[in-house]
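Everything on this sheet refers to the single structure shown next.
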C-alpha cells in the first residue's frame, strides 16, 4: 500500500502535465523532395531574417515542433522561409499564424506552396517565392 501512494502521485502529476500540453506549440512539416537545412519564421514587420528556428535537417515527411515564443510574442503576421540542401530558398510572406497552427511546405523548385492548417481546422494556402540562396 505504501508503494501505491507514490505511484498514484506520480501518475497524477504526469496526467496533470499532459492535460496542460504545450499551448504555445507550432509545427513545420517538410513535404518537398529535398532535405530542408534551415527554417526561419519572423514577424513580417522585421526586415531581416532572424536565426533559424532549428538547425535540424528535415527530410521529406519530417516534422518539427517548436514553441511560438521562439518566433514572436503571439498570433500575428509572419514571414516563413526554408532553405534546402540545394541552397534553394522557399519563402512565404505575410502569413497569419497562431498557437496550434501547422505549417507544411510542398512542391518542387519549379513551384511550391505553404499550407497552414489552423487549430480550428481551417486551411490557408500561400504561394512560395523560390530562389537560389544569395540572390
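Numbering (the working numbering), first residue to last: 649 to 783. Ideal Cβ placement from N, Cα and C applies to all residues, glycine included. Keep in mind that this is a model prediction, so the values were computed, not measured.
| said: One question on the structure: do residue 702 and residue 714 come within less than 8 Å of each other, judged by their Cβ atoms? | reply: yes
| field | Inter-residue CB distance, residue 680 and residue 755 (contact presumed, cutoff 8 Å) | value | 7 Å
| field | Range of the contiguous beta strand (DSSP E) that encloses residue 752 | value | 750-756
| message | Considering only their Cβ atoms, is the gap separating residue 738 from residue 691 smaller than 8 Å? | response | no
| In chain order, what residues of the same chain have a beta carbon less than 6 Å from the beta carbon of residue 698, not counting five sequence neighbours either side? | 690
| request: For residue 738, decide whether its Cβ has a neighbour in chain D, counting only Cβ atoms nearer than 8 Å. | output: Among the chains in the structure shown there is no chain D, since it carries only a single protein chain.
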